[in-house]
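A.B. asks: Handing you this structure, nothing more for now.
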Amino acid sequence: MKQSQQSNDPLASPPGMISVTVDGRTVLVPRTMPDWQGRQVPTTMLQACELAGVTVPHYCYHPKLPVAGNCRMCLVEYGVPALGPDRKPVRQPDGSLVIKKSPRPAIACATPVSPGMEIYTSTPTVKLMRQSVLEFLLINHPLDCPICDQAGECKLQEYSVEYGRASSRFAETKVHKNKQIDLGPRIMLDQERCILCSRCIRFTRDVVGDDALGIINRGSYSAIAAYPGTTFDNNYTLNTADICPVGALTSKDFRFQMRVWFLKETMSLCASCGTGCNIVIGSRENCIYRFTPRQNDAVNSCWMCDYGRLNYRWIERTDRLTRPGGSKLTSPDWEDAINGIAAALKKAVPGHIAIVASARLTNEELYLVRRLAQFLGAPTDCVPRSGPADNLLLCADRNPNTKGAQLLGIAASPPGVNLPVFARLIRNGTIRSLLVFGEDVTRHGITADDLARLDFLAASDIHTNGTTAVSHYFLPGCAHVEKRGSFTNVHGRIQRFEKAVDPPGLARPELHWLRELVCRVTGQSMGGTVESVFEAMRAEVPAFRNIAWADLGDHGVATHG
Amino acid sequence: MSWALPKEVEEKVDSLVGRYPQPRSAVVMVLHALQEHFGCISPEAIEWTARKLGLRPINVLELVTFYPMFRREPFGRFHLRICRTLSCALAGSHQLHRHICERLGLNPEKPGPQTSADGLFTVEFVECLASCGTAPVIMCNETQHEQMTIEQVDKLLDECRCKCRTERQGGLAAEHGFEP
Ligand code: SF4
Ligand code: SF4
Ligand code: FES
Ligand code: FES
Numbered sequence: 002m003k004q005s006q007q008s009n010d011p012l013a014s015p016p017g018m019i020s021v022t023v024d025g026r027t028v029l030v031p032r033t034m035p036d037w038q039g040r041q042v043p044t045t046m047l048q049a050c051e052l053a054g055v056t057v058p059h060y061c062y063h064p065k066l067p068v069a070g071n072c073r074m075c076l077v078e079y080g081v082p083a084l085g086p087d088r089k090p091v092r093q094p095d096g097s098l099v100i101k102k103s104p105r106p107a108i109a110c111a112t113p114v115s116p117g118m119e120i121y122t123s124t125p126t127v128k129l130m131r132q133s134v135l136e137f138l139l140i141n142h143p144l145d146c147p148i149c150d151q152a153g154e155c156k157l158q159e160y161s162v163e164y165g166r167a168s169s170r171f172a173e174t175k176v177h178k179n180k181q182i183d184l185g186p187r188i189m190l191d192q193e194r195c196i197l198c199s200r201c202i203r204f205t206r207d208v209v210g211d212d213a214l215g216i217i218n219r220g221s222y223s224a225i226a227a228y229p230g231t232t233f234d235n236n237y238t239l240n241t242a243d244i245c246p247v248g249a250l251t252s253k254d255f256r257f258q259m260r261v262w263f264l265k266e267t268m269s270l271c272a273s274c275g276t277g278c279n280i281v282i283g284s285r286e287n288c289i290y291r292f293t294p295r296q297n298d299a300v301n302s303c304w305m306c307d308y309g310r311l312n313y314r315w316i317e318r319t320d321r322l323t324r325p326g327g328s329k330l331t332s333p334d335w336e337d338a339i340n341g342i343a344a345a346l347k348k349a350v351p352g353h354i355a356i357v358a359s360a361r362l363t364n365e366e367l368y369l370v371r372r373l374a375q376f377l378g379a380p381t382d383c384v385p386r387s388g389p390a391d392n393l394l395l396c397a398d399r400n401p402n403t404k405g406a407q408l409l410g411i412a413a414s415p416p417g418v419n420l421p422v423f424a425r426l427i428r429n430g431t432i433r434s435l436l437v438f439g440e441d442v443t444r445h446g447i448t449a450d451d452l453a454r455l456d457f458l459a460a461s462d463i464h465t466n467g468t469t470a471v472s473h474y475f476l477p478g479c480a481h482v483e484k485r486g487s488f489t490n491v492h493g494r495i496q497r498f499e500k501a502v503d504p505p506g507l508a509r510p511e512l513h514w515l516r517e518l519v520c521r522v523t524g525q526s527m528g529g530t531v532e533s534v535f536e537a538m539r540a541e542v543p544a545f546r547n548i549a550w551a552d553l554g555d556h557g558v559a560t561h562g
Numbered sequence: 008m009s010w011a012l013p014k015e016v017e018e019k020v021d022s023l024v025g026r027y028p029q030p031r032s033a034v035v036m037v038l039h040a041l042q043e044h045f046g047c048i049s050p051e052a053i054e055w056t057a058r059k060l061g062l063r064p065i066n067v068l069e070l071v072t073f074y075p076m077f078r079r080e081p082f083g084r085f086h087l088r089i090c091r092t093l094s095c096a097l098a099g100s101h102q103l104h105r106h107i108c109e110r111l112g113l114n115p116e117k118p119g120p121q122t123s124a125d126g127l128f129t130v131e132f133v134e135c136l137a138s139c140g141t142a143p144v145i146m147c148n149e150t151q152h153e154q155m156t157i158e159q160v161d162k163l164l165d166e167c168r169c170k171c172r173t174e175r176q177g178g179l180a181a182e183h184g185f186e187p
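Pasting the structure below:
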């Protein structure tokens, strides 16, 4: 009896842990937890409540931003063990602690927990405080949800429904501020909807290092602004539209395009650079409306860059390849195309054939290319792409899977050094056949004249290009949003993505037809799903050893590369 | 451009900055010094201050728009401060404010200081002027006027106009506070 009481004593927690009680439920929480920068700091009430499975409503708090404590939405009541004159905790006759309830509430986002603390999040007082905070926030709010893009994912709406009053008691005239302020090239500001939580200010100042926004004026006239004559224009501005808890900051690209509740959400990756930011694709009826970042602390935290976020419109371009074709293909038939290519490849002589495969293809696809290359004795390479990097996420390597292409032995070292060699060997007649998957080699040193010398040229891509235009066979491929697979980012992390929309026309994921081609040419058999190709890949390629498809989960794992 | 800071003002700013452990801590004092010299705080002054203290202009603008004592427009020759705190409000200061605004063609509903079209008067509400016993109270430049009535306000405005005319005619420098 005594023993069990001792072990349940909130003041005798294991080292590094603190026992707190949230709404009557006692939980052990770590003494410290990572702050927005990942440094260990004392665990807050809000974090402890979260660990206890209790949500504390909040506006200004964001796990990846410095704590500001200005919105007061997270107010809770609490008590701590009462101390006697001897500074020792006072106990009930049964040994349990006497808790002294604090006369004042505290903001859960900025108050550390202490041993034995009791947190009350659903008392009448807490409910009243939440109601009052919401009432104040709505005093000057324009209540224009029907025309607001945030509707459906707005914390002001959600909390008003959950914790607010049914009707307003405010009979006075509302303060009017400016709407449709062009804050920067990608962000629109509606000052009337802003609740002044300062998340946007902290994000651009503390995360991006561009202290571009501030709160001007005072009292009910306070408003978010950039300095007159300047624009809010860094490569991360659209993240402020994500973290703005209301509809004050909206994306010019997305505003008025689609109601958020109609969007289908697909777990995916950004394919615009080697960082591989985790994203959610919002689509409806086979049309993509937006990319938003998905939290992955090992890669992109909660952010993504504007460049990657907006780089999706090309998917709907009208010059997409939608059917197999080429000078040797009489009808746009997949079977004929694969048969034709396979027949030509069977005749190709090792040493006289080369392969260029894009570092935008998935690991699984590049593995199939590797199988083909090994069987044909063909040297391979990919096309490097680079652009300026920044110090947050954007990486100079603008291919999403250079690392995968390296681990699979497709990319030369450094990537691209083989391309001029291929060009020379085509010109001197050594290379007689060329396979190009997902690139336009005419823009990378192998000219259309070079290509015209070949006995055999097969190419694939998403759009028509200079190479597909002169090939004997061309095959329509898919954008990554139209297929499943995995990429390995520049840091060697392998991450998977799912299919959001269907490819146009007869286009098929590269994995499908590459597998058919491999089976046809080599006579080997292999499963046709991404999973089965992945299985074969990890059995063969050391960097992927011991990694199962299921291990990739939603956040990926490090390869052994 | 044409905006330039005289050497002695910059020296004053430098000595102010030197008083603080971090340059940015001096920002309010620097702004006061600039306002004292120029009469108001222009965008150029904001940008200069930001450069001087290693801040971004928006940081300075936040302060300038927060504190009512900083002005962004030049004020009129006569600055009328009407107390609107409890005693004065009860004693009719809102009516006085409305009356003054209407006489000067200003909008009594508009928050913040307003200057008449002729540039002569700037009118604003302020909080308690510490003379509650003699409410309602109005300050005209540095002079306090107590227990004001509509008639006295009219008289004050007329006197200001008259004083200004004399100044112009006599070519007197309009540097000092008006003493009725
Ligand atoms: S614009 Fe949005 S994020 Fe910025 S302070 Fe206002 S409510 Fe917060
Ligand atoms: S940093 Fe790279 S991966 Fe991330 S969003 Fe930008 S382009 Fe995409
Ligand atoms: S979330 Fe705690 S004060 Fe805003
Ligand atoms: S209330 Fe007007 S002087 Fe105090």
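As given, the protein sequences belong to chains A and B, one line each in that order. For the first sequence, our numbering assigns the number 2 to the initial residue and increments by one for each residue that follows. For the second sequence, our numbering assigns the number 8 to the initial residue and increments by one for each residue that follows. All C-beta atoms, glycine included, are put in the ideal place defined by N, C-alpha and C.
1) At a CB-CB cut-off below 9 Å, which residues of chain B make contact with R219(A)?
2) Hey, does A64(B) have any beta-carbon neighbour from chain A nearer than 8 Å?
3) Does the beta carbon of C201(A) fall short of 7 Å from some heavy atom of ligand 5?
4) DSSP three-state call for R84(B): helix, strand or coil?
5) Quick one: what's got a C-beta closer than 7 Å to M55(A)'s C-beta in the same chain, skipping five residues either side?
6) Should S138(B) be listed as close to ligand 4, given that the test is whether its C-beta is under 7 Å from any heavy atom?
7) Just to confirm, does A226(A) get its C-beta within under 7 Å of one of the non-hydrogen atoms of ligand 1?
8) Find the nearest neighbour of A109(A) within the set V91(A), K102(A), L76(A), judged by alpha-carbon distance.
9) Excluding the 5 residues preceding and the 5 following A33(B) in the sequence, name in chain order all residues of the same chain whose CB lies nearer than 6 Å to its CB.
10) So which of S472(A), D191(A), Y237(A) has the shortest CA-CA distance to T251(A)?
11) Provide the residue span of the beta strand (DSSP E) that contains A124(B), from first to last.
12) Would you mind stating whether I217(A) and L41(B) have Cβ atoms separated by less than 8 Å?
13) Could you tell me the boundaries of the beta strand (DSSP E) in which G269(A) lies?
14) Starting from the C-beta of H556(A), find all residues in its chain whose C-beta is less than 6 Å away, skip the five residues before and the five after it, and write them out in chain order.
15) Could you tell me which chain A residues have their CB closer than 9 Å to the CB of E109(B), listed as they occur along the chain?
16) Taking the runs of the alpha helix (DSSP H) that are 4 residues or longer, which of them lie wholly in the segment 12 to 38 of chain B?
17) Taking only three categories from DSSP, how would you classify N179(A)?
18) Among all the DSSP beta bridges, which residues are the ones paired with E153(B)?
19) Using a Cβ-Cβ cutoff of less than 6 Å, which residues in the same chain neighbour P510(A) once the five nearest sequence positions on both sides are dropped?
20) At 8 Å on the CB atoms, spell out the chain A contacts of P30(B), in chain order.
21) Helix or strand or just coil, what does DSSP make of V281(A)?
22) Is there at least one non-hydrogen atom of ligand 1 closer than 7 Å to the beta-carbon of I140(A)?
23) Using DSSP bridges, identify the partner residues of E131(B).
24) What number of angstroms, rounded off, separates the C-alpha of S138(B) from the C-alpha of D211(A)?
25) Grab me the residues of R91(B)'s own chain with a C-beta within less than 8 Å of its C-beta, minus the 5 sequence neighbours each way, in chain order.
26) Identify which residue in A111(A), S221(A), G165(A), E440(A) has its Cα closest to the Cα of V384(A).
27) Let me check understanding here. Comparing Cα to Cα, which of L127(B), E153(B), M155(B) lies closest to C171(B)?
28) Smallest Cα separation from H353(A): which of P401(A), R386(A), V422(A)?
29) Consider the Cβ of P118(B): report whether some Cβ of chain A lies at a distance smaller than 8 Å.
30) Who are the neighbours of A213(A) on chain B, taking C-beta pairs under 8 Å?
31) Is there contact between the segment 334 to 341 of chain A and the segment 310 to 322 of chain A, where contact requires at least three CB pairs shorter than 8 Å?
32) I'd like to know whether the C-beta of L68(B) is nearer than 8 Å to at least one C-beta of chain A.
33) Are the C-beta of I216(A) and some C-beta of chain B separated by less than 8 Å?
34) If G277(A) and F535(A) are in contact, beta carbons under 8 Å, what's the gap, nearest whole angstrom?
35) What separation, rounded to the nearest whole angstrom, lies between the Cα atoms of S199(A) and R291(A)?
36) Which value, in whole angstroms, describes the spacing of the CA atoms of D307(A) and Q525(A)?
C.D. replies: In short, the structure shows the following:
1) By Cβ distance, chain B contributes T72, F73, Y74, P75.
2) The amino acid at residue 64(B) is misidentified as Ala; the sequence shows Pro. For P64(B), the nearest CB of chain A lies under 8 Å from its own CB, placing it at the interface with that chain.
3) Within the structure as shown, ligand 5 is missing, the only ligands being ligand 1, ligand 2, ligand 3 and ligand 4.
4) The three-state reading of DSSP puts R84(B) in coil, since its state is none of H, G, I, E or B.
5) Per the sequence shown, residue 55(A) should be read as Val rather than Met. A distance below 7 Å between beta-carbons, with the five flanking residues on each side excluded, links V55(A) to the following residues of its chain, in chain order: V23, D24, T122.
6) For S138(B), the shortest separation between its Cβ and any heavy atom of ligand 4 lies below 7 Å.
7) Not so, every heavy atom of ligand 1 lies at least 7 Å from the Cβ.
8) Among V91(A), K102(A), L76(A), the Cα nearest to that of A109(A) is on L76(A).
9) Excluding its 5 nearest sequence neighbours in each direction, A33(B) has C-beta neighbours in its own chain below 6 Å: L23, V24, Y27, listed in chain order.
10) Per the Cα distances, D191(A).
11) A124(B) -> no beta strand (DSSP E), and no H or E assigned at all.
12) Their beta carbons are not under 8 Å apart, which means I217(A) does not touch L41(B) by this criterion.
13) For the sequence presented, residue 269(A) should be read as Ser rather than Gly. Counting along the chain, the beta strand (DSSP E) containing S269(A) begins and ends at 265 to 270.
14) The residues are N297.
15) Under the 9 Å cutoff, chain A gives no residues; its nearest Cβ is about 20 Å from E109(B).
16) Runs found: 14 to 25.
17) Residue state, collapsed to three classes: coil.
18) The partner list for E153(B) (beta bridge, DSSP) is empty, contrary to what the question assumes.
19) Shown here for P510(A): same chain residues with a beta carbon closer than 6 Å to its own, the five before and five after excluded, namely C479, K484 in chain order.
20) Those do not exist, as P30(B) stays about 15 Å from chain A at its closest Cβ, beyond 8 Å.
21) DSSP places V281(A) in strand when its eight states are reduced to three.
22) Result no, Cβ not under 7 Å from ligand 1.
23) Beta-bridge annotation (DSSP): E131(B) is paired with R88(B).
24) For S138(B) and D211(A), the distance between alpha carbons rounds to 47 Å.
25) Cβ within range, chain order: S100, H101, H104, F132, V133, E134.
26) Closest option to V384(A), judged by alpha-carbon separation, among A111(A), S221(A), G165(A), E440(A): E440(A).
27) Checking every option, the nearest Cα to that of C171(B) belongs to L127(B).
28) Checked all of P401(A), R386(A), V422(A); the closest Cα to H353(A) is V422(A).
29) Chain A, which has a Cβ nearer than 8 Å to the Cβ of P118(B), makes this yes.
30) Chain B residues near A213(A): R63, I65.
31) Contact fails: fewer than three Cβ-Cβ distances are below 8 Å.
32) True, the Cβ-Cβ gap to chain A drops below 8 Å.
33) With respect to chain B, the C-beta atom of I216(A) has a partner C-beta closer than 8 Å.
34) That pair is no contact at about 17 Å.
35) Taking the straight line joining both Cα atoms gives about 24 Å.
36) Spanning the two alpha carbons is a distance of roughly 44 Å.
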